[in-house]
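Read top to bottom, the protein sequences are chains F and Z.
The first sequence begins at 0 in numbering that gives the first Met the number 0 and counts up by one.
The second sequence begins at 0 in numbering that gives the first Met the number 0 and counts up by one.
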Amino acid sequence: MSLHPPDLAADQAAALAARTAARAADERIAEIAYAVVDAPVGRLVLAATSEGIVRIAYELQNGGLDAVLDRLAERLSPRIVEAPARLDGARRELDEYFDGRRRDFEVALDFALAGSGFARRVLEAAVRIPFGETSSYREVAGAAGSPNAYRAAGNALGANPLPIVVPCHRVLASTGGLGGYTGGLQRKRLLLDIEGVRPG
Amino acid sequence: MNTLPPFQRFLDGHREDVLRFLVAAVGRPDADDAFQETFLSALRSYERLRADSNLRAWVLTIAHRKAVDIHRARERRPLPVADLHEGATPIAGASAAPSAAAQGDHWERVRALPPRQRAVLTLRYAAGLTHAEIATALGCSPEAARRAAADGLKTLREELPHVPASA
Numbered sequence: 000m001s002l003h004p005p006d007l008a009a010d011q012a013a014a015l016a017a018r019t020a021a022r023a024a025d026e027r028i029a030e031i032a033y034a035v036v037d038a039p040v041g042r043l044v045l046a047a048t049s050e051g052i053v054r055i056a057y058e059l060q061n062g063g064l065d066a067v068l069d070r071l072a073e074r075l076s077p078r079i080v081e082a083p084a085r086l087d088g089a090r091r092e093l094d095e096y097f098d099g100r101r102r103d104f105e106v107a108l109d110f111a112l113a114g115s116g117f118a119r120r121v122l123e124a125a126v127r128i129p130f131g132e133t134s135s136y137r138e139v140a141g142a143a144g145s146p147n148a149y150r151a152a153g154n155a156l157g158a159n160p161l162p163i164v165v166p167c168h169r170v171l172a173s174t175g176g177l178g179g180y181t182g183g184l185q186r187k188r189l190l191l192d193i194e195g196v197r198p199g
Numbered sequence: 000m001n002t003l004p005p006f007q008r009f010l011d012g013h014r015e016d017v018l019r020f021l022v023a024a025v026g027r028p029d030a031d032d033a034f035q036e037t038f039l040s041a042l043r044s045y046e047r048l049r050a051d052s053n054l055r056a057w058v059l060t061i062a063h064r065k066a067v068d069i070h071r072a073r074e075r076r077p078l079p080v081a082d083l084h085e086g087a088t089p090i091a092g093a094s095a096a097p098s099a100a101a102q103g104d105h106w107e108r109v110r111a112l113p114p115r116q117r118a119v120l121t122l123r124y125a126a127g128l129t130h131a132e133i134a135t136a137l138g139c140s141p142e143a144a145r146r147a148a149a150d151g152l153k154t155l156r157e158e159l160p161h162v163p164a165s166a
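Encoded structure:
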């Protein structure tokens, strides 16, 4: 064939795509912006809507980036672009937290994936547990209005869409054991260690 | 239920095809803006799309419309003097820009063809769409698309004798 497609410089299309994605996020044509960031707990996928951070996912524990994005597309919107600049604030706060220079998160949160009713109240109760302190599943269930629903509270915490900033790692078994964690117990231990907590 | 892929995956999957098509259809200087406009338009109407749509043909159809807009805008404004020196010459003045042709870049000649011939040849040979997909993109019959391609190639061969008949 004599009419060949034009040649492109290496990375030309990739660079243009990155610029387009940044514009889509800045001009709010995209609903969700995301970034993949390195952290001492492994790589995190951060995603934000115009309301705030809507998802923090341990990349490996959640089947990889594609699986995380597929679920966001199904549950919220497929209008998702990679726009790291829009996650700079959240990334900075997380860096400071991991460095031991931050106790409270100020970044705005979007609870769109936090469920409703009891499950949502459980996560709201977890947000109120201060840095360096712990609570039990029963106490969190009580704070959410149903002290006996500690198993349901455990499920709600296990489905926490915003781990670390919604500190479900501060909820332990009433026996003093670690309980469970959405990112695996090793990560729960690491987060508690950052906060100076030594569970029994 | 909507199972469209996350837009970023769609963008990454088609960015090279769309850029190649636009470089052929409007030239390098205008291709960057046209690329961004194409994908931003696609994003605006993304959720109205059916999940089983031909996403590649869809986004190239949007790119084609951006190319048409650019060609119309060029026709409306007088040709800047500088463009004459950059070889944006009409077909009749083929000898004015031998270098691009010598390097095998026939797309400049394709851009000077009548709109439908230009559209069919860029969609076929820069983007690799089938005649059926091109017909859908242009809203014409596959036969009309095929005929426009043949007419366009005939003109190119007359101007550029080394374009083989097999094109």
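Every residue, glycine too, gets a C-beta built ideally from N, C-alpha and C.
In this structure, the alpha-carbon of A148/Z lies about 9 angstroms from that of H130/Z. Closer than 9 angstroms to the CB of D51/Z there is not a single CB belonging to chain F. Residues A56 and T60 of the same chain have their beta carbon placed closer than 8 angstroms to that of T135/Z, with the five preceding and five following residues left out of the count. Collapsing the DSSP output to three states places R42/F in coil.
A direct Cα-Cα distance of roughly 6 angstroms separates T121/Z from A24/Z.
DSSP lists A46/F as the beta-bridge partner residues of R54/F. With a cut-off of 8 angstroms on Cβ pairs, the segment 53-67 of chain F is not in contact with the segment 122-137 of chain F, counting fewer than three such pairs. Under the 9 angstroms criterion on CB atoms, V22/Z is classed as interfacial with respect to chain F. By the Cβ rule, the segment 185-198 of chain F does not count as touching the segment 144-154 of chain F, because fewer than three pairs are nearer than 8 angstroms.
Here Y45/Z is near R78/F, since their CB atoms are less than 9 angstroms apart.
By the beta-carbon neighbour count (other beta carbons within 10 angstroms, threshold 16), G151/Z is buried. Counting C-beta pairs with one atom in each stretch, the segment 25-36 of chain Z and the segment 13-22 of chain F have three or more that are closer than 8 angstroms, which means they touch.
The closest CA to that of V196/F, considering only L2/F, G131/F, T174/F and A172/F, is found on G131/F. Shown here, E74/Z sits in a helix according to DSSP, grouped into three states. A Cβ of chain Z is located within less than 9 angstroms of the beta carbon of L2/F.
Spanning the alpha carbons of L177/F and A118/F requires a straight line of approximately 20 angstroms. As a beta-bridge residue in DSSP terms, A32/F pairs with A47/F and V80/F. The beta carbons of A89/F and I52/F sit about 5 angstroms from each other, so the pair counts as a contact at 8 angstroms. Of all residues in the segment 153-176 of chain F, none has a C-beta nearer than 8 angstroms to a C-beta of chain Z. Taken in chain order, the complete alpha helix (DSSP H) segments of 4 residues or longer contained in the segment 133-170 of chain F are 136-142 and 149-157. DSSP, read as helix, strand or coil, puts L177/F in coil. Under the three-state reduction of DSSP output, L108/F falls in the strand class. Across the segment 34-46 of chain Z, CB contacts with chain F closer than 8 angstroms involve F34, Q35, F38, L39, L42, R43, Y45 and E46, in sequence order along the chain. For L190/F, the enclosing alpha helix (DSSP H) stretches over residues L184 to I193. Using beta-carbon distances, D104/Z counts as an interface residue toward chain F, with a partner under 9 angstroms. For a Cβ distance threshold of 8 angstroms, residue set L39, L42 and R43 of chain Z lies close to I28/F, ordered along the chain.
Around L42/Z, the same chain offers F6 as residues with beta carbons nearer than 7 angstroms, after the five sequence neighbours per side are excluded.
Inter-residue distance for E81/F and G26/Z is about 28 angstroms (C-alpha atoms, whole angstroms). Annotation: D98/F has no Cβ neighbours in chain Z at a cutoff of 8 angstroms; minimum Cβ distance is about 30 angstroms.
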